[in-house]
Amino acid sequence: MSSGERHPRKPTEQPGHPGDQEDLAPGQDGDDPENAEEERDRPQDAWSARRDLHAHAPEAMKLGDGARFGGSLVTGDQHGMSGGYLTGDLVMGSKTEVWNFGPAAPHSSGEIPVPTLRRIAASFVTDEDAFTVLAEHLRTERVLVLQGPPFTGRRTAALMLLSRAGATTVRSLLRDRSPDDLATRLDAEHTRVGGQSGPPATPVGYVLCDLITDRHRPLREPHLLAVGDWLRRHNGYLVVTVGPTAALEDVRPIVWRPPRVAQVVAAHLRALLTGPDAEAETARLLALDAVTGFLSRDHQLREAAAFATALARVARGEAEEESLAEFSLGSLENQVREWFEEDEDALTLRDKAFLISLATLDGGPYALTAELSDRLYAALLHTQWGRGQPEVPVFGTHIGKRLQLARAEQREARQSTEWGPVRQRVASFRDDRTPPVLLREVWTGHPSARPAMTSWLSGLTDDGRPLVRTRAAATAAILAHADLPSAMALLIEEWAASSLYRHRLVAANALAIAHFIGAPNISRILDSWSTHETRALRWVAIRTHALIGPERPGDTLRLLRRVRRKEVEESLSSDPPKPLDEDVLQELREAVELLLLSPAGDEVLRELLAHLQVDRAAHDLAVEGFLAACRRETARSGAHHHPYDAEYVEGPGRPVLLGWFGEAVADAKTAWAARGLATLWQAALRSRAHTDDALSTLRAWVLAADRSPDAEQALAALLPALVTDPADAQRISHLLRTMPGEDGGGPPPVAGRLLTDVPAGTGAHPALPA
Numbered sequence: 001m002s003s004g005e006r007h008p009r010k011p012t013e014q015p016g017h018p019g020d021q022e023d024l025a026p027g028q029d030g031d032d033p034e035n036a037e038e039e040r041d042r043p044q045d046a047w048s049a050r051r052d053l054h055a056h057a058p059e060a061m062k063l064g065d066g067a068r069f070g071g072s073l074v075t076g077d078q079h080g081m082s083g084g085y086l087t088g089d090l091v092m093g094s095k096t097e098v099w100n101f102g103p104a105a106p107h108s109s110g111e112i113p114v115p116t117l118r119r120i121a122a123s124f125v126t127d128e129d130a131f132t133v134l135a136e137h138l139r140t141e142r143v144l145v146l147q148g149p150p151f152t153g154r155r156t157a158a159l160m161l162l163s164r165a166g167a168t169t170v171r172s173l174l175r176d177r178s179p180d181d182l183a184t185r186l187d188a189e190h191t192r193v194g195g196q197s198g199p200p201a202t203p204v205g206y207v208l209c210d211l212i213t214d215r216h217r218p219l220r221e222p223h224l225l226a227v228g229d230w231l232r233r234h235n236g237y238l239v240v241t242v243g244p245t246a247a248l249e250d251v252r253p254i255v256w257r258p259p260r261v262a263q264v265v266a267a268h269l270r271a272l273l274t275g276p277d278a279e280a281e282t283a284r285l286l287a288l289d290a291v292t293g294f295l296s297r298d299h300q301l302r303e304a305a306a307f308a309t310a311l312a313r314v315a316r317g318e319a320e321e322e323s324l325a326e327f328s329l330g331s332l333e334n335q336v337r338e339w340f341e342e343d344e345d346a347l348t349l350r351d352k353a354f355l356i357s358l359a360t361l362d363g364g365p366y367a368l369t370a371e372l373s374d375r376l377y378a379a380l381l382h383t384q385w386g387r388g389q390p391e392v393p394v395f396g397t398h399i400g401k402r403l404q405l406a407r408a409e410q411r412e413a414r415q416s417t418e419w420g421p422v423r424q425r426v427a428s429f430r431d432d433r434t435p436p437v438l439l440r441e442v443w444t445g446h447p448s449a450r451p452a453m454t455s456w457l458s459g460l461t462d463d464g465r466p467l468v469r470t471r472a473a474a475t476a477a478i479l480a481h482a483d484l485p486s487a488m489a490l491l492i493e494e495w496a497a498s499s500l501y502r503h504r505l506v507a508a509n510a511l512a513i514a515h516f517i518g519a520p521n522i523s524r525i526l527d528s529w530s531t532h533e534t535r536a537l538r539w540v541a542i543r544t545h546a547l548i549g550p551e552r553p554g555d556t557l558r559l560l561r562r563v564r565r566k567e568v569e570e571s572l573s574s575d576p577p578k579p580l581d582e583d584v585l586q587e588l589r590e591a592v593e594l595l596l597l598s599p600a601g602d603e604v605l606r607e608l609l610a611h612l613q614v615d616r617a618a619h620d621l622a623v624e625g626f627l628a629a630c631r632r633e634t635a636r637s638g639a640h641h642h643p644y645d646a647e648y649v650e651g652p653g654r655p656v657l658l659g660w661f662g663e664a665v666a667d668a669k670t671a672w673a674a675r676g677l678a679t680l681w682q683a684a685l686r687s688r689a690h691t692d693d694a695l696s697t698l699r700a701w702v703l704a705a706d707r708s709p710d711a712e713q714a715l716a717a718l719l720p721a722l723v724t725d726p727a728d729a730q731r732i733s734h735l736l737r738t739m740p741g742e743d744g745g746g747p748p749p750v751a752g753r754l755l756t757d758v759p760a761g762t763g764a765h766p767a768l769p770a
């Protein structure tokens, strides 16, 4: 639990507490260790929970930042798993690059047509100086190993290297043999094609893409030495491409540095457009907003080539410009779909678990992402094999290669913790749309993964780190947006009905985020739960309303009053009357506190004042929520309130509402707010049930005034407004004369100065503007 959580209280002090004997599962009793855990489990206060939620939610889902998916929208882009794009030379939607090599597929054994090589060369872009060095290396060594992630142009670079080296014929080799057979395979290919005993008159180039290696059959230096000898005897060159995780021994591959996406789009577009106006049309297309948007995202070179083809179709009048807007997201959807395919090129199950974990913790510490991904990997293994204890390797792929495969990056960033901000190495997808797209694809496209996913996410709700619990909630919200019934049944309802508050808090956070990103029917669910007979669901509804209330403050306060009245009715209807559930009351007052300190504070204040005298339930709700807000202090000066400021503390500091009062009383346009705050103070001081609490809070404001001249000035204007009869004057004067100072002892000096501002007790708000 975070430092903001309340101290444990005995269940006997809280009749009706959800963790009491009446709510225990069958077979439990008071001596059960699980019951002891429930007794220790206490709810985090709403303010601290709101702070953690804002600090740890994904950037695109910060509550109040207007982040919505809105139906099928993902952060503003159309989201709909739209399938692959067929764009001429490149098929988007499978893991195979199809470069239209006539009868020769990328991994078939055959000669690549010369016209195809010329066409590829026409749109090939690279760093010429670096590429010349690579070509010279190939001429000298005869064999070159080019390493890089898939779809970064490795194959195209390999073909162009062979052409630069002087190969007049280029053949593509199958990759289905062990590295031990490389030289034997070349010899067999040479015999099959030509049959001559001597070397050919002109060099022959060979390309072998994505050589299959593993720790049992790595590519070793002797393999390359043998191949190099054969190539020298037969006037040939070979370029082998491998991925970042290829098993290599004593082999130093050349790391392929792809060109920039913008260069590839421009080069392909120029190659596709012909005619006298081609250059002008190319410039016009490259200046389109859709192109700017596409280039602002992380895209592979195959996607850039396909996008250039789509631009050419627009130029020829075969497609509308509007179609370009969906291209970027469609490419991302295709990539995500490929990651989770089951074929020989697909990622390993451990890699897929890492992708899901990274989508959940995007922007979080890499070590935490890797740790939790292995938990998910174990759960997926158990689903796949269904027996025994799954084995998780302790050591695995290097962080750089792992992130490269995930199209992610790492960087130093400041992370919020319970002990203050710290700098950590964090990992995140280069395209910030990836997490919701990926999680949606896994949840809706691969239902067999749901048991492992639900088990894993439920385990995260027990994690002691607020970041982990918050991200579990955010993930559940994304799943609810994609499939509300399943996410509610398998995750959120289970957490909401739990006897443990930490589970309920995750449920509330999930519902709040789901509401803000546009998941359907969340308000209906909350309205139903707010008066539900199950107190756990009632608690979750109130907490969620506290989080989303600023969006609809009037409706939220109306519902909170209804809940308060229901609590009173249930208490009085029992024989004998039972005490009110303190936990529910605490949630209600904290909900009002958050609303009053939110950007909707003005509207909330008006609503509280309008219903202050309607009935006792509305009166007590307003007063208790108001006093809770009065106790909230900020460590800095400035605007009187902002709901997401991490510097808000519970003293010592400057009371937020006192700052609000000071600003309001100084401006005729906001004088009504100053009068309203004074009215709530009067109601609190004159209510027998709340007088002691109000005096204690006012004492804290006096101590704050002793630390701050601005606070003293505001309090000097407030105190006269609180005195309308001699009893008021006597109450406040007695407090100022007898209260101890910050460190004990007699009253602070400011108390004496404020005492002179307390009138004898006549009139209404004598110090405030009319």
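Using the UniProt record's numbering, you'd call the opening residue of the sequence shown number 1 and step up by one each time.
We put the CB at the ideal spot given by N, CA and C, even for glycine.
{"Item": "Spatial neighbours of residue 156 within its chain, please: CB distance less than 7 Å, with the 5 preceding and 5 following residues excluded, ordered by chain position.", "Value": "120 and 124"}
{"Item": "Have a look at residue 199 and residue 152 and give me their C-alpha separation to the nearest angstrom.", "Value": "34 Å"}
{"Item": "Who are the Cβ neighbours of residue 377 in its own chain at under 7 Å, not counting the five residues just before and after it?", "Value": "349, 350, 353 and 392"}
{"Item": "With distances taken from CA atoms, which of 412, 172, 323 and 405 is nearest residue 339?", "Value": "405"}
{"Item": "Cutting at 6 Å between CB atoms, please list the residues of its own chain near residue 43, excluding the five before and the five after it.", "Value": "501"}
{"Item": "Give me whichever residues DSSP pairs with residue 172 in a beta bridge.", "Value": "110 and 207"}
{"Item": "Under the rule that 16 or more other beta-carbon atoms within 10 Å means buried, what is residue 115, buried or exposed?", "Value": "exposed"}
{"Item": "In chain order, what residues of the same chain have a beta carbon less than 6 Å from the beta carbon of residue 580, not counting five sequence neighbours either side?", "Value": "567 and 571"}
{"Item": "Which residues in the same chain have their Cβ closer than 8 Å to the Cβ of residue 441, if we skip the five residues on either side of it in sequence?", "Value": "81, 333, 336, 337 and 340"}
{"Item": "Go ahead and label residue 744 buried or exposed: buried means 16 or more other beta carbons lie within 10 angstroms of its beta carbon, across all protein chains shown.", "Value": "exposed"}
{"Item": "From residue 437 to residue 431, what distance separates their C-alpha atoms?", "Value": "11 Å"}
{"Item": "Looking at the secondary structure, which residues open and close the beta strand (DSSP E) in which residue 408 lies?", "Value": "408-415"}
{"Item": "Pick out whichever of 206, 170 and 161 has its Cα sitting closest to the Cα of residue 182.", "Value": "206"}
{"Item": "Which residue marks the beginning of the beta strand (DSSP E) containing residue 429, and which one marks its end?", "Value": "422-429"}
{"Item": "Using DSSP with H/G/I as helix, E/B as strand and the rest coil, what is residue 31?", "Value": "Any reading at residue 31 needs caution, since the residue's pLDDT is 43, under 50, leaving its predicted position unreliable; the model's value is listed next. Here residue 31 sits in coil by DSSP."}
{"Item": "Under a Cβ-count criterion, where at least 16 other Cβ atoms within 10 Å of its own Cβ denotes burial, should residue 384 be classed as buried or exposed?", "Value": "exposed"}
{"Item": "Count the other C-beta atoms from every protein chain shown that fall within 10 angstroms of the C-beta of residue 447, then say buried if there are 16 or more, exposed otherwise.", "Value": "exposed"}
{"Item": "Could you give the DSSP three-state label for residue 44: helix, strand or coil?", "Value": "strand"}
{"Item": "May I have a chain-ordered list of the alpha helix (DSSP H) segments no shorter than 4 residues that lie completely inside the stretch 270-296?", "Value": "278-286 and 289-295"}
{"Item": "Alpha carbon to alpha carbon, how far is residue 306 from residue 154?", "Value": "16 Å"}
{"Item": "Should the stretch 242-257 be called in touch with the stretch 277-284, which here means at least 3 C-beta pairs below 8 Å?", "Value": "no"}
{"Item": "Just to confirm the assignment, what range does the alpha helix (DSSP H) spanning residue 324 have?", "Value": "Per DSSP, residue 324 belongs to no alpha helix (DSSP H) and is neither H nor E."}
{"Item": "Counting Cβ pairs, one atom from each stretch, are 3 or more of them under 8 Å apart for the stretch 364-376 and the stretch 417-432?", "Value": "yes"}
{"Item": "Determine the extent of the beta strand (DSSP E) in which residue 713 is found, giving its start and end residues.", "Value": "Unbroken run through residue 713 is the alpha helix (DSSP H), 709-721; no beta strand (DSSP E)."}
{"Item": "Excluding five sequence neighbours on each side, which residues of the same chain lie with their C-beta closer than 7 Å to the C-beta of residue 751?", "Value": "702, 736 and 739"}
{"Item": "Determine the DSSP secondary structure at residue 675, reduced to helix, strand or coil.", "Value": "helix"}
{"Item": "Alpha carbons only, please: which of 531, 593 and 582 is nearest the one belonging to residue 553?", "Value": "593"}
{"Item": "Straight-line CA distance for residue 358 to residue 575?", "Value": "54 Å"}
{"Item": "Could you give the distance in angstroms between the alpha-carbon of residue 299 and the alpha-carbon of residue 519?", "Value": "28 Å"}
{"Item": "Indicate the three-state DSSP secondary structure (helix, strand or coil) for residue 365 in the structure shown.", "Value": "strand"}
{"Item": "Taking the continuous beta strand (DSSP E) assigned at residue 145, which residues delimit it?", "Value": "143-147"}
{"Item": "Please check the pair residue 470 and residue 53, which I expect to be a contact at CB under 8 Å, by giving their CB distance rounded to whole angstroms.", "Value": "6 Å"}
{"Item": "How long is the line joining the alpha carbons of residue 492 and residue 756, rounded to whole angstroms?", "Value": "56 Å"}
{"Item": "Measuring only the C-alpha atoms, how far is residue 143 from residue 239?", "Value": "6 Å"}
{"Item": "Enumerate in chain order the residues of its own chain whose CB-to-CB distance from residue 29 is below 6 Å, with the five nearest sequence positions on each side excluded.", "Value": "With a pLDDT of only 41 at residue 29, under 50, the local geometry of the prediction cannot be trusted, and the value read off the model is given with reservation. For residue 29, where only same-chain residues beyond five positions count, there are no Cβ hits under 6 Å."}
{"Item": "Roughly how many angstroms separate the alpha carbons of residue 479 and residue 445, rounded to a whole number?", "Value": "12 Å"}
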